[in-house]
Amino acid sequence: MSVYTLKNNEISASFNTIGAEMISFNTDSLEYVWQADPKIWPRYAPILFPIVGRLKDHEYTYKGKTYPMKQHGFARDNDFEVIEKTEISITFEQVATQKSKTIYPFDYVLQVKYTLEGKTLHTEYIVKNPSASKDLYFTIGAHPAFNCPFEDGQKRNEYQLVFDEKISPKFHSNVKGLYEGDTYEIFEEAGVMKLPDTIFDKGSLTFNPNKFSKVTFVHEPTQKQYLSVDFKGFPYLGIWSKNQDSPFVCIEPWYGIADRKDHSKDYTQKEGIMKLAPNETFNCSFSIEIL
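For the sequence shown, the working numbering assigns the number 1000 to the last residue and increments by one with no breaks.
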């Protein structure tokens, strides 16, 4: 395990070679990333690949064979290699191994590029299919956890998530991590999601952000804006925290979603699945800005 740090005149960010995970994002005065307290939730900002969410019975089928796969896949727990680095940018790479093929029978190249620009951190995911003859099926997503509250003397339930459009999108319900297909209202005010203590009692909230693309953390009593996440182009957005007392909130841009409870387990028919032709490349990006 190695840790690499990027810095400019305004912000700093650090990353672990295990999972290419961001473990710090800060200014001189404030840390914005949840610091993985093992008593509450022992992760910082895992990368979700080759699945997002949970599979039905923690398994899938491909060409008649059944494979086990734990929630959110395996990339987050495996090593990445640093293939390029400057003072403000770093690129990690993970490739298929004989071990990975026992649970995921595909060749793949997964690259994660982080770049600092002003007070913004850009994250780019690049997935390559190195096979000359076989399609690559995958989903990918981000799971960054942010301190909430950001400062001492505040409470999580004093915060709002303010969307860049004044709409009231419905969220998908789930049971034990699998989606039912029903959707529900949660917004009391268009474009503003409050964070009462009970909001995550039934798990993550998943949205289809086709009419909005940015979320900002706002401390309601002071109206101070702390941080925003811009996820334009992502077909799904998850918002989650561990329990009522957990002092963090995850803002999760996804290309993919957990299985529905009636899913056939066929990996190629999974909702949100991406299909990458031989020798083709997929990329997507999102950004986090300190305000």
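Every residue, glycine too, gets a C-beta built ideally from N, C-alpha and C. A quick note: this is a predicted structure, and the numbers were derived from the prediction, not measured.
Continuous beta strand (DSSP E) stretch holding residue i: start and end
i, result
"Ile835", "Thr829 to Lys837"
"Cys959", "Phe957 to Tyr964"
"Val712", "Val712 to Lys716"
"Glu790", "Glu790 to Lys794"
"Ser937", "Lys933 to Asp939"
"Leu985", "Met983 to Leu985"
"Phe926", "Lys923 to His928"
"Gln803", "Ser798 to Val804"
"Ala851", "Ile849 to Ala851"
"Phe783", "Run containing Phe783: none; DSSP gives neither H nor E here."
"Tyr868", "Tyr868 to Phe872"
"Ile948", "Tyr945 to Trp949"
"Thr915", "Leu914 to Phe916"
Cβ-based neighbour list, residue i, same chain, cut-off 6 Å, excluding 5 preceding and 5 following
i, result
"Lys716", "none"
"Ser723", "Val712, Thr714, Ile732 and Ser733"
"Thr990", "Lys837"
"Ala805", "Asp816 and Tyr817"
"Ser877", "Phe896 and Ala899"
"Glu790", "Glu802"
"Thr770", "Lys974 and Asp975"
"Gln932", "none"
"Gln934", "Thr925, Val927 and Leu1000"
8 Å CB neighbourhood of residue i in its chain, flanking five on each side removed
i, result
"Asp766", "Lys974"
"Ile812", "Tyr776, Pro777, Met778 and Phe783"
"Thr726", "Met710, Ser711, Val712, Tyr713, Asp788, Phe789, Glu790, Val791 and Phe801"
"Asp786", "Ile727 and Gly728"
Classification of residue i by the beta-carbon crowding that lies within 10 angstroms, buried from 16 upward
i, result
"Leu946", "buried"
"Glu730", "buried"
"Asn988", "exposed"
"Met710", "exposed"
"Ser842", "exposed"
"Leu845", "buried"
"Pro747", "exposed"
"Tyr893", "exposed"
"Ser809", "buried"
"Pro853", "buried"
"Ala986", "exposed"
"Asn856", "buried"
"Pro905", "exposed"
"Lys911", "exposed"
"Lys822", "buried"
"Asn883", "buried"
Bridge partners - residue i, DSSP secondary structure assignment
i, result
"Glu730", "Asn725"
"Arg969", "Tyr888"
"Cys857", "For Cys857, which the question treats as bridged, DSSP gives no partner whatsoever."
"Thr990", "Lys837"
"Pro777", "Glu768"
"Asp906", "DSSP, once it has assigned bridges, lists no residue as partnering Asp906."
"Val821", "Phe801 and Tyr834"
"Glu898", "Val901"
"Glu826", "Thr829"
"Glu740", "Asn735"
"Asp975", "Thr770"
"Tyr846", "Lys984"
"Ser996", "His831 and Asp939"
"Asn883", "Tyr888"
"Ile756", "Ala851"
8 Å contact criterion, which residue i and residue j should meet: CB distance rounded
i, j, result
"Ala967", "Gly886", "6 Å"
"Phe995", "Phe943", "7 Å"
"Leu825", "Ile797", "4 Å"
"Val938", "Ile960", "4 Å"
"Tyr868", "Glu929", "7 Å"
"Asn992", "Ile835", "5 Å"
"Ile1004", "Ala851", "In this structure the chain extends from 710 to 1000, so residue 1004 is not present and cannot be described."
"Val924", "Phe872", "6 Å"
Spatial neighbours of residue i in its chain, beta-carbon cut-off 7 Å, leaving aside the 5 residues before and after
i, result
"Lys828", "Glu719, Ile720, Glu998 and Ile999"
"Arg969", "Leu887, Tyr888, Gly890 and Glu980"
"Lys660", "Because the chain is modelled from 710 through 1000, residue 660 falls outside the range shown and cannot be assessed."
"Lys903", "Gln869 and Glu897"
"Gln874", "According to the sequence shown, residue 874 is Glu rather than Gln. Gly900, Lys920 and Phe921."
"Thr848", "Pro759, Ile760, Val761, Tyr964, Gly965, Gly981, Ile982 and Met983"
"Ser950", "Phe909, Phe957, Val958 and Cys959"
"Pro1002", "The question about residue 1002 has no answer here: the residues shown for the chain are numbered 710 through 1000."
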